[in-house]
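Residue numbers (our numbering): 1186 to 1532. Every residue, glycine too, gets a C-beta built ideally from N, C-alpha and C. To keep things clear, I will list the structure first and then write my remarks on it.
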Amino acid sequence: MSDEFIEEIDDILSDVLSDVDSTSSAEIEQNITFGQSVSAERQTAIVDDRTDQLAAELEIPAATVELAKSLRDQYRNQRGDLIGTALELIAASCLYCAVKVTEVPLDPTDFVAADETVVTRKALLRRSKDIASTVGLDPSAFFGSEQYVDRYCGALDVTDAVNKRAREIIEITEKSGLSSGKSPSGWAAAAVYNACLDVGEKRTQQDISRIANVSEVTIRNRYQEQRAGLRQAEPLPADPIAVIDHVADASEVTSVTRELAELLIENARTDEYPVDEEATLWGLAALRRASRLMNGDIKLKTLSQYTDEDSEEISTRARQLRSVLSQVELKNFRVKHAKQTSKPDQE
1186 MSDEFIEEID DILSDVLSDV DSTSSAEIEQ NITFGQSVSA ERQTAIVDDR
1236 TDQLAAELEI PAATVELAKS LRDQYRNQRG DLIGTALELI AASCLYCAVK
1286 VTEVPLDPTD FVAADETVVT RKALLRRSKD IASTVGLDPS AFFGSEQYVD
1336 RYCGALDVTD AVNKRAREII EITEKSGLSS GKSPSGWAAA AVYNACLDVG
1386 EKRTQQDISR IANVSEVTIR NRYQEQRAGL RQAEPLPADP IAVIDHVADA
1436 SEVTSVTREL AELLIENART DEYPVDEEAT LWGLAALRRA SRLMNGDIKL
1486 KTLSQYTDED SEEISTRARQ LRSVLSQVEL KNFRVKHAKQ TSKPDQE
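Now the structure itself:
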C-alpha cells in the first residue's frame, strides 16, 4: 500500500474522529473476545456470527457480507494470526471495508449505532485502515462521496434537481483535488447543502447534519471550501443578462422573475448604470430585486454563493435598481403576465 494512500487515510481519520465515545472501557471489555483467547476455528465462528448480526441490523446485501468474510480470511492470512485483536471489531471493520468497496452508503456512525457497546468510531476507522492497508484494497473505495448523495437526498425529500447538482459539485471538486483528505460523508453532506442553495430548496445545515451524522461545523467548513472551488471552476459570464440566465437555470427561477430581472438590467443600461463593469453583482442584484417584486422565489443566500463579495454588495445594488423601473412599467408587466397565465384556463 502506497505512502500516499496511508497519508490520505490519516487525513480522513483526523477529519472524522471528532466525536468522543461515551462507552466506558469496562463496558467494552465485557463484550470483547480477543483472538488469542480462542482457537482459530472458534475465531472464524465468532467473526462470522458478529458479521451476520451487524449485516442484518444494517440491512447490508449478501454479496457485501460475503466480501467482508473474504476480507477477514485475507487479513488473517496476511497477518499470520489475529492475536491482540478484538474479534468483534474485526467483524465490524471487515464489514465496513466491504461496504466501502461495494458502495453501500453507510458511515461509521451507522456501525456504532448498531453495536455501540463494542464498536467506536475511532477503533472502527483505525482497524479498517489497517485491514485496507494489509490486504491491498483499492484506495478509491474509501474516498468516494457520491454513494451518500441518494441517501441524503432521499432523507431530506428534495427534488432530483438537488441530487443532480450535488453530484455535479462532487465531480467538479474531486477533479480539482479539493476533497483530498476529507471525510466522504461530510463532503457529500456539504455538496447536498450547496446544491439546495443553488436550486433554491431550503434545507438548513442542521437538517443535513441530522440525517448525515456530520457536525454542522464540518458541513459549514466543507461547503465554504466547495463554494470557493465552484466559483473558480464555473466562472459566471461577463454580461449581467447572461449572469441572470445562468443563475436562473441553476436555481430554477421562474421565467417571470428572470424576464423582470433582464428588464431591470436593460433599463439600468439606459440610465447609464455601470452594469457591465460589475456584471456578476448587477446580474445577482437584478435577480434579487425582481424576486422581491414577484413574491420572492430566490433567496439572498442563494445568490451570494456566486460571488466572493459580501452579500450586502448585492443588496446595495438591488436597492439602486428601485429607480430604474416606474410603478406604471411594473404594473403593466404584472398585468401582461397575469393575462398570459390566465389564458390556458380561459380556453
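According to DSSP, simplified to helix, strand and coil, what is residue i?
{"i": "A1283", "result": "helix"}
{"i": "I1213", "result": "The predicted position of I1213 is uncertain, since its pLDDT is 41 and thus under 50; a value taken from the coordinates is nonetheless stated next. Helix."}
{"i": "T1208", "result": "Any reading at T1208 is ruled out, since the residue's pLDDT is 41, under 50, leaving its predicted position unreliable."}
Please report how far the alpha carbon of residue i lies from the alpha carbon of residue j, in whole angstroms.
{"i": "T1487", "j": "A1317", "result": "40 Å"}
{"i": "S1209", "j": "L1272", "result": "Its pLDDT being 41, under 50, S1209 is placed unreliably by the model, and nothing is read from it."}
{"i": "L1485", "j": "L1448", "result": "20 Å"}
{"i": "E1288", "j": "Q1332", "result": "6 Å"}
{"i": "R1388", "j": "W1467", "result": "27 Å"}
{"i": "T1305", "j": "V1297", "result": "6 Å"}
{"i": "D1266", "j": "R1257", "result": "11 Å"}
{"i": "S1496", "j": "P1425", "result": "17 Å"}
{"i": "D1536", "j": "L1415", "result": "The structure shown does not extend to residue 1536, since the chain is modelled only from 1186 through 1532, so no value can be given for it."}
{"i": "C1279", "j": "F1327", "result": "13 Å"}
{"i": "G1366", "j": "R1504", "result": "43 Å"}
{"i": "D1461", "j": "E1401", "result": "38 Å"}
{"i": "R1473", "j": "I1483", "result": "7 Å"}
{"i": "S1251", "j": "V1377", "result": "Looking at the sequence shown, residue 1251 is not Ser but Glu. The alpha-carbon atoms of E1251 and V1377 are separated by roughly 32 Å."}
{"i": "K1285", "j": "A1471", "result": "45 Å"}
{"i": "E1437", "j": "D1345", "result": "12 Å"}
{"i": "T1465", "j": "E1494", "result": "10 Å"}
When burial is assigned at 16 or more other CB atoms within 10 Å of the CB, is residue i buried or exposed?
{"i": "N1480", "result": "exposed"}
{"i": "D1383", "result": "buried"}
{"i": "Q1263", "result": "exposed"}
{"i": "T1501", "result": "exposed"}
{"i": "N1517", "result": "exposed"}
{"i": "Q1411", "result": "buried"}
{"i": "T1455", "result": "exposed"}
{"i": "D1234", "result": "exposed"}
{"i": "Q1391", "result": "exposed"}
{"i": "G1339", "result": "exposed"}
{"i": "K1360", "result": "exposed"}
{"i": "K1521", "result": "exposed"}
{"i": "G1269", "result": "exposed"}
{"i": "A1475", "result": "buried"}
{"i": "S1224", "result": "exposed"}
{"i": "Q1490", "result": "buried"}
{"i": "G1385", "result": "buried"}
Starting from residue i, trace the alpha helix (DSSP H) in both directions and tell me its first and last residue.
{"i": "Y1458", "result": "That residue, Y1458, is in no alpha helix (DSSP H); it is neither H nor E in DSSP."}
{"i": "Q1505", "result": "1496 to 1505"}
{"i": "D1430", "result": "1425 to 1436"}
{"i": "D1295", "result": "1293 to 1299"}
{"i": "T1358", "result": "1345 to 1360"}
{"i": "V1384", "result": "1369 to 1384"}
{"i": "K1307", "result": "1306 to 1320"}
{"i": "T1229", "result": "1225 to 1243"}
{"i": "D1335", "result": "1334 to 1341"}
{"i": "T1487", "result": "1485 to 1489"}
{"i": "L1256", "result": "1247 to 1264"}
{"i": "R1407", "result": "1401 to 1418"}
{"i": "R1395", "result": "1390 to 1397"}
Would the C-beta of residue i count as close to the ligand COA, meaning under 6 Å from any of its heavy atoms?
{"i": "L1515", "result": "In the structure shown, the ligand COA is absent, as is every other ligand, since no ligand is present at all."}
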